[in-house]
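Each remark here refers to the structure printed beneath this line.
Structure representation (structure tokens):
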């Protein structure tokens, strides 16, 4: 009896899942890979041809909060364009693309390129030069153009946002610890990195932490550092990491850093607590971190400039060379709409809090006026971010090994927090050994 | 007296180890019953009342399709994989043929090569078969499984006496009959163990779906869960509810097959 029951369950499950599974497979067959034509351009062409006048654009990417709503918005006014978006985690993007490239499999039409990996995308040489489609580089923020330009002058993408960064704080805690929640007064109190260490004593005395994570401040110092990651074929590891980690150690030793790992669920939950005062804050973090993790915090946040104005994060959209001409043109039209046209740029601003890199709009105070200033008790954070900080922030050229450096930085910063006795020399040595494992190119010297 | 003390100490140690093992699962379930913002503000050891809301969020996404895909892939991989491995096991044991030794070595060698190394070749193969971006590459990979074959060769060797097979042949049974009626019942613990392992490996497989699947409709559970956790999604309650549901088939299959699994794993440990 028991045997029969198990057999019946297994057979039913197999039959049911066959229906579901085959449904999925046949669904895919209807679109791009149906007749066995998995060759990239063949399948892309097929996707276009199958759907008549509708051009299908494929996309792999992690930023579902920006890309998905933008695609929907674009499809509303452009019924001849259809997007097929696949969610791929940030850390998997390069692996997936490299595997597809090596095996000759299909690549998406549009690829998002994170700032930390943009040099790797340049090296892969799979992206169209957007100037061939009419992109006028003089119309975009210089730093964004510079980051997207290859050695031979190709512009392989364009950044969707400018990403100026400041330091956000919780007003109630600032008032409790420093006696004021006024951004101007706090700005005067925190003009240098040392100020965060010195004033941190007050936070410590009140049982609070200045920052929730050593990794978070290391990330801030890293992006704010003016030391180039790579010069020629030399990775400036020691110089850059000394600059970053010495500041982390100073804060750690002053007892103003908590030990949460940055970006984890637990770390993110601190946005809503009453223990951690400050958070390094690029403009996109207002939507993604503050408003999401502290839903009851409207009006309780403030923003000041960091000692050195800097840019953090952002991603550029590029078009793969394996797409058909029709797809490439349609993809460029979308990218142009999303970044350089009023309607698309407004959608990016309103849906995801992205302020475009298109100069005419970036410098338009009416356009850059954020709708969520009520989270900051009416503080004019738009002018602070897009006029003051954006005009001051320096851009440091990134390296194809940026991701490895970032990975080492994250690991070492956490180890520094876990082992309070770890010295700068120890940390540098640990990081160096790790980096040597990651950098597989013999022509690169790690200094 | 001393025996009782020893028993009590053993029970306490086992009890502690059990709690340590089960606690993360319990916490996963318990956290999935909280609203995301509440998870880290409270001590989520006791369940809350938000589980249904989290389930609603999960079911509003592509979860059911991904779940179905994972079940389809895992069950088919398991059934065909085990069938092929058992038959190979029987064949390698019961037949004498040229290059049998070399074939055996070759099967062992396939176990030594990490899957990641062969993945590009496999992608090219699947592309030429025209099945890229479907679920089939996730299934085919388990059909000729080096470990499964090696496992079944060893299991058949020790569980099925050659005399039994020869008697059946003398009685006029054909090879399929011998395999189905004599060999399979003898190696049942081995089959169940391999079923569990193949199901588990296939269910948790991340690399192959990552490189082969480019459509949301074809997502399997590991990819779906990872996409939920993509950089800026912070609905931890819903993610944990998804993870809780994702572990259910594994729990069921282990409960059904636990006895045979232990038999299968311990078979051969004691030589008679």
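Chains as they are written, first to last, in my numbering: chain A, 1 to 447; chain B, 1001 to 1272. We put the beta carbon where it would ideally sit given N, CA and C, even for glycine. Since the model is a prediction, treat every value here as computed from it, not as a measurement.
Quiz item: Which residue from B/1253, B/1140 and B/1089 puts its Cα closest to that of residue 1153 of chain B?
Solution: In the second chain, residue 1153 of chain B corresponds to position 153, counting from 1. It is B/1089.
Quiz prompt | Proximity to residue 424 of chain A [Cα-Cα], best of A/330, A/246 and A/262 | solution = Counting from one through the first chain, the residue named residue 424 of chain A turns up at place 424. The candidate whose alpha carbon is nearest that of residue 424 of chain A is A/246.
Quiz prompt | Start-to-end residues for the alpha helix (DSSP H) that takes in residue 1195 of chain B | solution = Residue numbering aside, residue 1195 of chain B sits at position 195 when the second chain is read from its first letter. Where residue 1195 of chain B is concerned, the enclosing alpha helix (DSSP H) stretches over 1188 to 1204.
Quiz item: Does the stretch 51 to 60 of chain A come close enough to the stretch 72 to 84 of chain A to have 3 or more Cβ pairs within less than 8 Å?
Solution: yes
Quiz prompt | Neighbourhood of residue 411 of chain A by C-beta, 7 Å cutoff - its chain only, sequence neighbours within 5 removed | solution = As a first step, residue 411 of chain A must be located in the first chain, where it is residue number 411. Within the same chain, residue 411 of chain A has close Cβ partners 434.
Quiz prompt | Cα-Cα separation, residue 232 of chain A to residue 440 of chain A | solution = In the first chain, counting from the first residue as 1, residue 232 of chain A sits at position 232. In the first chain, counting from the first residue as 1, residue 440 of chain A sits at position 440. Cα to Cα, the separation comes out at about 16 Å.
Quiz item: With DSSP run on the structure shown, which of helix, strand or coil describes residue 170 of chain A?
Solution: Sequence index remark: in the first chain, residue 170 of chain A carries index 170 (1-based). Residue 170 of chain A: strand per DSSP, three-state reduction.
Quiz item: Where does the unbroken beta strand (DSSP E) through residue 60 of chain A begin, and where does it stop?
Solution: Position 60 of the first chain, counting from 1, holds the residue named residue 60 of chain A. Looking at the DSSP string, the run of the beta strand (DSSP E) that includes residue 60 of chain A is 55 to 61.
Quiz item: Thinking C-alpha only, which one of A/228, A/63 and A/74 is nearest residue 333 of chain A?
Solution: Position 333 of the first chain holds residue 333 of chain A. Measuring from the Cα of residue 333 of chain A, the nearest candidate turns out to be A/74.
Quiz prompt | Per-residue burial, residue 1109 of chain B [other beta carbons within 10 Å of its own, 16 or more giving buried] | solution = In the second chain, counting from the first residue as 1, residue 1109 of chain B sits at position 109. Burial call: exposed.
Quiz item: Under the rule that 16 or more other beta-carbon atoms within 10 Å means buried, what is residue 1098 of chain B, buried or exposed?
Solution: Counting from one through the second chain, the residue named residue 1098 of chain B turns up at place 98. By the neighbour-count rule (16 or more Cβ atoms within 10 Å), residue 1098 of chain B is not buried but exposed.
Exercise. In angstroms with no decimal places, state the Cα-to-Cα distance between residue 1170 of chain B and residue 1074 of chain B.
Key: As a first step, residue 1170 of chain B is located in the second chain; it is residue number 170 there, counting from the start. As a first step, residue 1074 of chain B is located in the second chain; it is residue number 74 there, counting from the start. About 39 Å.
Quiz item: Which value, in whole angstroms, describes the spacing of the CA atoms of residue 249 of chain A and residue 162 of chain A?
Solution: Within the first chain, residue 249 of chain A is the residue found at index 249, counting from 1. Within the first chain, residue 162 of chain A is the residue found at index 162, counting from 1. Answer to the nearest angstrom: the Cα atoms are 30 Å apart.
Quiz item: Any beta-carbon of chain B closer than 9 Å to the one on residue 112 of chain A?
Solution: In the first chain, the residue the question calls residue 112 of chain A occupies position 112. Not an interface residue.
Quiz item: Taking the alpha carbon of residue 210 of chain A as the point to measure from, which residue in A/276, A/419, A/288 and A/345 has its own alpha carbon closest?
Solution: Here the question's residue 210 of chain A lines up with position 210 in the first chain. Closest option to residue 210 of chain A, Cα to Cα, is A/276.
Quiz prompt | Within-9 Å CB hit, residue 1202 of chain B to chain A | solution = The residue you call residue 1202 of chain B lines up with position 202 of the second chain. Not one chain A Cβ lies under 9 Å of residue 1202 of chain B.
Quiz item: With a CB to CB cut of under 7 Å and the five nearest residues on each side skipped, what residues in its chain are close to residue 298 of chain A?
Solution: Numbered from its first residue, the first chain carries residue 298 of chain A at position 298. Same-chain partners within the cutoff: 374 and 375.
Exercise. Check whether the Cβ of residue 1210 of chain B lies closer than 9 Å to any Cβ atom in chain A.
Key: For the purposes of this step, residue 1210 of chain B is taken as residue 210 along the second chain, with counting starting at 1. Answer yes: the Cβ-Cβ gap between residue 1210 of chain B and chain A drops below 9 Å somewhere.
Self-check item: Beta-carbon separation (whole angstroms), residue 235 of chain A vs residue 446 of chain A, contact threshold 8 Å
Solution: Working through the first chain from its first residue, we reach residue 235 of chain A at position 235. Working through the first chain from its first residue, we reach residue 446 of chain A at position 446. Between residue 446 of chain A and residue 235 of chain A the Cβ distance is about 5 Å, and since that is below 8 Å, they are a contact.
Self-check item: Minimum Cβ-Cβ distance from residue 1111 of chain B to chain A less than 9 Å
Solution: Position 111 of the second chain, counting from 1, holds the residue named residue 1111 of chain B. It does not: the Cβ of residue 1111 of chain B has no partner Cβ on chain A nearer than 9 Å.
Practice problem: Use the C-beta contact count for residue 1199 of chain B: other C-beta atoms within 10 angstroms, 16 or more gives buried, fewer gives exposed. | Solution: In the second chain, the residue the question calls residue 1199 of chain B occupies position 199. Residue 1199 of chain B comes out buried.
Practice problem: Work out the CA separation of residue 1045 of chain B and residue 71 of chain A for me, nearest whole Å. | Solution: Sequence index remark: in the first chain, residue 71 of chain A carries index 71 (1-based). Sequence index remark: in the second chain, residue 1045 of chain B carries index 45 (1-based). Near 41 Å, if we compare the C-alpha coordinates of residue 1045 of chain B and residue 71 of chain A.
Quiz item: Buried or exposed: where does residue 1134 of chain B fall if 16 or more other Cβ atoms within 10 Å of its Cβ makes it buried?
Solution: For the purposes of this step, residue 1134 of chain B is taken as the residue at position 134 of the second chain. Flag for residue 1134 of chain B reads buried.
Quiz item: With residue 223 of chain A and residue 310 of chain A assumed to form a contact (beta carbons below 8 Å), what rounded beta-carbon distance in angstroms separates them?
Solution: Walking along the first chain from the start, residue 223 of chain A turns up at place 223. Walking along the first chain from the start, residue 310 of chain A turns up at place 310. The pair is a contact, with the Cβ atoms about 5 Å apart (cut-off 8 Å).
Quiz item: Mind pulling the chain C residues with CB within less than 8 Å of residue 1053 of chain B?
Solution: In summary, chain C is missing from the structure at hand, where the protein chains are A and B.
Quiz item: Which same chain residues, not among the five before or five after residue 45 of chain A, have their C-beta less than 8 Å away from its C-beta?
Solution: Within the first chain, numbered from 1, the residue matching residue 45 of chain A stands at position 45. The predicted position of residue 45 of chain A is uncertain, since its pLDDT is 40 and thus under 50; a value taken from the coordinates is nonetheless stated next. For residue 45 of chain A, where only same-chain residues beyond five positions count, the Cβ hits under 8 Å are 324.
Exercise. Count the CB pairs spanning the stretch 130 to 141 of chain A and the stretch 109 to 120 of chain A that are closer than 8 Å, and state whether there are at least three.
Key: no
Exercise. Would you kindly check if the distance between the Cβ of residue 1160 of chain B and the Cβ of residue 1093 of chain B is under 9 Å?
Key: Your numbering for residue 1093 of chain B matches position 93 in the second chain. Your numbering for residue 1160 of chain B matches position 160 in the second chain. Against a cut-off of 9 Å, the Cβ pair of residue 1160 of chain B and residue 1093 of chain B comes out as a contact.
Quiz item: Can you find a CB in chain A that lies within less than 9 Å of the CB of residue 949 of chain B?
Solution: Summary: the structure shown does not reach residue 949 of chain B, with chain B confined to residues 1001 through 1272, and so no result is reported for it.
Quiz item: Between the stretch 1212 to 1232 of chain B and the stretch 1240 to 1247 of chain B, do at least 3 Cβ pairs fall closer than 8 Å?
Solution: yes
Quiz item: By the 10 Å Cβ neighbour count, where 16 or more other Cβ atoms means buried, how is residue 136 of chain A classified, buried or exposed?
Solution: For the purposes of this step, residue 136 of chain A is taken as the residue at position 136 of the first chain. Residue 136 of chain A is exposed by the Cβ-count criterion.
Self-check item: Contact list for residue 1187 of chain B against chain A, beta-carbon separation under 7 Å
Solution: As a working mapping, residue 1187 of chain B is identified with position 187 in the second chain. Those within 7 Å of residue 1187 of chain B in chain A number zero; the least Cβ separation is about 16 Å.
Exercise. Would you list the residues sitting across from residue 149 of chain A in a DSSP beta bridge?
Key: The residue given as residue 149 of chain A occupies position 149 in the first chain. DSSP, once it has assigned bridges, lists A/155 as partnering residue 149 of chain A.
Practice problem: Output yes if chain B places a C-beta closer than 9 Å to the C-beta of residue 273 of chain A; else output no. | Solution: Stepping through the first chain from its first residue, residue 273 of chain A is reached at position 273. Chain B contact via Cβ: present.
Quiz item: Can you name the residues of chain B whose CB is closer than 9 Å to the CB of residue 86 of chain A?
Solution: By one-based count along the first chain, residue 86 of chain A stands at place 86. Those are 1213, 1214, 1215, 1216, 1219 and 1227, listed as they occur along chain B.
Quiz item: Closest by CA to residue 415 of chain A, which one among A/383, A/259 and A/68?
Solution: Counting from 1 along the first chain, the entry for residue 415 of chain A is found at position 415. Checked all of A/383, A/259 and A/68; the closest Cα to residue 415 of chain A is A/259.
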